[in-house]
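Chemist: Take the sequence shown: its letter number 192 is residue 192 in UniProt numbering, and every next letter is one higher. Using N, Cα and C, we set each Cβ at its ideal position, and we do this for glycine too. Since this is a predicted model, take the numbers as computed values, not measurements.
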Amino acid sequence: MKRIYVVGTADTKGEELAYLAACIKTAGGSVVRVDVGTREPATEVDINAETVAACHPEGVGAVLACDDRGKAVEAMGIAFSSFLVAREDIAGIIGIGGGGGTSIITAGMRQLRLGLPKIMVSTLASGDVAPYVDVSDIVMMPSVTDMAGLNRLSRVILHNAAQAITAMTSRPAELTASKPALGLTMFGVTTSAVTAMVERLRADYDCLVFHATGTGGRTMEKLADSGLVSGVLDITTTEVCDLLFGGVLPATPDRLGAIARSGLPYVGSVGALDMVNFWAPETIPERYAGRLFYRHNPNITLMRTTSAECAQIGRWIGEKLNLCHGPVRFLIPEKGVSALDVEGGAFFDPQADVALFAALEATVKPTAARRIVRLPLHINDPQFAEAAVAAYRDIAKP
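1. Quick check: what's the CA-CA separation for S81 versus E319?
2. Less than 8 Å between the CB atoms is what I'm expecting for L168 and M140, so what's the real figure, rounded?
3. I'd like the span of the beta strand (DSSP E) that includes F293, first residue to last.
4. Rounded to whole angstroms, what's the CA-CA distance from C66 to E50? Just pull it up for me.
5. I believe V276 touches T305 by the beta-carbon criterion, under 8 Å. Please report the beta-carbon distance rounded to the nearest angstrom.
6. For P142, write down the residues that DSSP places opposite it in a beta bridge.
7. According to DSSP, is R3 helix, strand or coil?
8. Tell me, please, which residues DSSP counts as bridged to G183.
9. What separation, rounded to the nearest whole angstrom, lies between the Cα atoms of R315 and M1?
10. Decide if Q383 is buried, meaning its Cβ has at least 16 other Cβ atoms within 10 Å, or exposed.
11. Is the distance from the Cβ of M303 to the Cβ of F330 below 8 Å?
12. How many whole angstroms separate the CB atoms of A272 and A212, which I take to be in contact at a CB cut-off of 8 Å?
13. Between the Cα of D234 and those of A224, D242 and L243, spot the shortest distance and give me the residue it belongs to.
14. For M109, which three-state DSSP category applies?
15. Going along the chain, which unbroken runs of the alpha helix (DSSP H) with 4 or more residues stay wholly within the segment 262 to 286?
16. Specify the secondary structure class of P376 as computed by DSSP and reduced to three states.
17. Could you tell me the alpha carbon to alpha carbon distance between A54 and A79, rounded to whole angstroms?
18. DSSP on P333, reduced to helix/strand/coil?
19. If you compare alpha carbons, which of A27, C23 and L17 is closest to V34?
20. One question on the structure: do L244 and I313 come within less than 8 Å of each other, judged by their Cβ atoms?
21. Confirm, please, whether the CB-CB distance from V328 to A369 is below 8 Å.
22. DSSP three-state call for G95: helix, strand or coil?
23. Per DSSP, what kind of secondary structure is V240 in: helix, strand or coil?
24. Closest to A125 by CA distance: which of A148, Y288, G101 and L116 is it?
25. What residues in its chain sit with their C-beta under 6 Å from that of K118, if we drop five residues either side in the sequence?
26. Looking at the structure shown, is R152 part of a helix, part of a strand, or coil, going by DSSP?
27. How should G214 be labelled, buried or exposed, when 16 other C-beta atoms within 10 angstroms of its C-beta is the threshold for buried?
28. P285 and G247 - do their beta-carbons sit closer together than 8 Å?
29. Check whether the Cβ atoms of L20 and I96 sit closer than 8 Å, and answer yes or no.
30. Sort out for me which residues DSSP pairs G8 with in a bridge.
31. Taking the DSSP output, what are the residues bridged to R304?
32. Under 8 Å, do T195 and R218 count as touching if we go by C-beta distance?
33. Mind checking whether V31 and V7 have CB atoms under 8 Å apart?
34. How is the alpha helix (DSSP H) around I23 delimited, first residue to last?
35. With 8 Å as the threshold, decide whether the Cβ of A107 is near any Cβ in chain B.
36. Among the candidates P41, D46 and M76, whose CA atom is the shortest distance from the CA of E58?
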């Protein structure tokens, strides 16, 4: 039977943890109380902190024997993440916490699949919650008052949170879509290409298009890890440029990691690898003085990647592709990689493109499943969209 995990630091939030669990039971939910504190709990729990801490790669001592509070919180977050991913009986999860508890609990929540109900009642929920939520679907709920014992307001907040998680788990959403889902990446300068692909695919697939702004790529790969997409057309890999050269919309070093782990059918390309993103001109690092820039709008400035940088990008992507053992087709549009990389365009630089393509071909180890395909086309040509769709349909055959 799946149950609702009620999580908190039972040493400092014991009263609130017990009350929240009682509210969920009254609403009809089955609960598991989990302690992620580092001292003696102030209330009864079902899974103690020692059990959670034992999931740390270096054992219990790495968490509970640590004298530095900040390091202990970080270690417990690692342990809790490992603990959660090994559980198979989670119907939903709700956490309560201040700064430390929020950090620990959301670290674990972020590892769970998208769609699984997650609520975090936190003293930090009315501020910038991006570090805690990232690309997950955690619902952040403000505690309003601090968690230093129950009061008339905190009882109402926790009661409402209990009602919410109980309702979410008692009637989970049903996936009614009859078509398999695909993830696609797009940027403004590859819109024509990706839009044309969607038009050709939508009769057979539910097309989920992600803006390649760092979070977009991470979200798509989160879906791949969660088994919520059946394949990927990663046409716009531009986030790699920002990762390698200090742009403001970067991928993480795990870009393409979900493709390797999942073995999903993958069609990729070099979309917008001709640019690094920065904010307004005055924010651009001094080391890039004298480079070729394009003012996309008053707040976004694009920098053209050089031949040397393109070679580095090609090697980085190539090494990632070598880790992918599922079906892979990586398409090279020889006549340009973005709307700016056309003859007469602001970023037209055939030599830089040649360096990119050569590095990819020199790095990728071709196999029966993994191939690079050159096309005498621009990335936004209609024929390129046709080729990408054909490549996907070919590798997605049962």
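Modeler: This is what the structure gives:
1. Taking the sequence shown and counting its residues from 1, the one referred to as residue 81 is at position 81. Taking the sequence shown and counting its residues from 1, the one referred to as residue 319 is at position 319. Spanning the two alpha carbons is a distance of roughly 28 Å.
2. Mapped onto the sequence shown, residue 168 falls at position 168. Mapped onto the sequence shown, residue 140 falls at position 140. Leu is not the amino acid found at residue 168; the sequence shown has Met there. So it is not a contact: roughly 15 Å between Cβ atoms.
3. Looking up residue 293 in the sequence shown gives position 293. Run containing F293: F293 to N297, per the beta strand (DSSP E) assignment.
4. Along the sequence shown, read from residue 1 onward, the residue named residue 66 stands at position 66. Along the sequence shown, read from residue 1 onward, the residue named residue 50 stands at position 50. Using only the alpha carbons, I get a separation of about 13 Å.
5. As a first step, residue 276 is located in the sequence shown; it is residue number 276 there, counting from the start. As a first step, residue 305 is located in the sequence shown; it is residue number 305 there, counting from the start. At roughly 6 Å, the Cβ-Cβ gap stays under 8 Å, so V276 and T305 are in contact.
6. Working through the sequence shown from its first residue, we reach residue 142 at position 142. According to DSSP, which records beta bridges pairwise, P142 is partnered with S122.
7. As a working note, residue 3 is residue 3 in the sequence shown. Residue state, collapsed to three classes: strand.
8. As a working mapping, residue 183 is identified with position 183 in the sequence shown. Partner(s): L208 and V232.
9. To locate residue 315, count along the sequence shown from 1; it is residue 315. To locate residue 1, count along the sequence shown from 1; it is residue 1. C-alpha separation (whole angstroms): 48 Å.
10. In the sequence shown, counting from the first residue as 1, residue 383 sits at position 383. Burial call: exposed.
11. Indexing the sequence shown from 1 puts residue 303 at position 303. Indexing the sequence shown from 1 puts residue 330 at position 330. No Cβ-Cβ contact shorter than 8 Å links M303 with F330.
12. For the purposes of this step, residue 272 is identified with residue 272 of the sequence shown, where counting begins at 1. For the purposes of this step, residue 212 is identified with residue 212 of the sequence shown, where counting begins at 1. With a Cβ gap of about 7 Å, A272 and A212 count as contacting.
13. Position 234 of the sequence shown, counting from 1, holds the residue named residue 234. Nearest of A224, D242 and L243 to D234, Cα basis: A224.
14. Taking the sequence shown and counting its residues from 1, one reaches residue 109 at position 109. Correct three-state label for M109: helix.
15. none
16. Residue numbering aside, residue 376 sits at position 376 when the sequence shown is read from its first letter. Three-state DSSP puts P376 in coil, outside helix and strand.
17. For the purposes of this step, residue 54 is taken as the residue at position 54 of the sequence shown. For the purposes of this step, residue 79 is taken as the residue at position 79 of the sequence shown. Using only the alpha carbons, I get a separation of about 7 Å.
18. In the sequence shown, the residue the question calls residue 333 occupies position 333. Strand at P333.
19. Translated into positions along the sequence shown, residue 34 becomes position 34. Of the listed residues, the one whose Cα sits closest to V34 is L17.
20. Stepping through the sequence shown from its first residue, residue 244 is reached at position 244. Stepping through the sequence shown from its first residue, residue 313 is reached at position 313. Yes, Cβ-Cβ distance for L244 and I313 is below 8 Å.
21. On the sequence shown, residue 369 is found 369 positions in, with the first residue counted as 1. On the sequence shown, residue 328 is found 328 positions in, with the first residue counted as 1. Cβ atoms of A369 and V328: closer than 8 Å.
22. Here residue 95 refers to the residue found at position 95 when the sequence shown is read from its first residue. G95: strand per DSSP, three-state reduction.
23. As a position in the sequence shown, residue 240 is number 240, starting the count at 1. Residue state, collapsed to three classes: helix.
24. Stepping through the sequence shown from its first residue, residue 125 is reached at position 125. When only C-alpha atoms are compared, the closest one is G101.
25. Position 118 of the sequence shown, counting from 1, holds the residue named residue 118. Hits under 6 Å: I93, M109 and I138.
26. For the purposes of this step, residue 152 is taken as residue 152 along the sequence shown, with counting starting at 1. Of the three classes helix, strand and coil, the one that applies to R152 here is helix, per DSSP.
27. For this step, residue 214 is matched to residue 214 along the sequence shown. It is buried - the Cβ of G214 has at least 16 other Cβ atoms within 10 Å.
28. Counted from its first residue, the sequence shown places residue 247 at position 247. Counted from its first residue, the sequence shown places residue 285 at position 285. No, these two residues do not count as a Cβ contact at 8 Å.
29. Here residue 20 refers to the residue found at position 20 when the sequence shown is read from its first residue. Here residue 96 refers to the residue found at position 96 when the sequence shown is read from its first residue. Contact: yes.
30. Counting from 1 along the sequence shown, the entry for residue 8 is found at position 8. G8 is bridged to D35.
31. Counted from its first residue, the sequence shown places residue 304 at position 304. In the DSSP output, where bridge partners are listed per residue, R304 has M275.
32. Translated into positions along the sequence shown, residue 195 becomes position 195. Translated into positions along the sequence shown, residue 218 becomes position 218. Not a contact, by the Cβ cut-off of 8 Å.
33. What you label residue 31 is simply residue 31 of the sequence shown in a count that begins at 1. What you label residue 7 is simply residue 7 of the sequence shown in a count that begins at 1. For V31 and V7, no; Cβs fall outside 8 Å.
34. By 1-based counting over the sequence shown, the position of residue 23 is 23. The sequence as given places Cys at residue 23; Ile does not occur at that position. C23 -> alpha helix (DSSP H) spans G14 to T26.
35. This model lacks chain B altogether; it includes just one protein chain.
36. Along the sequence shown, one-based indexing puts residue 58 at 58. The shortest CA-to-CA distance from E58 to any of P41, D46 and M76 is the one to M76.
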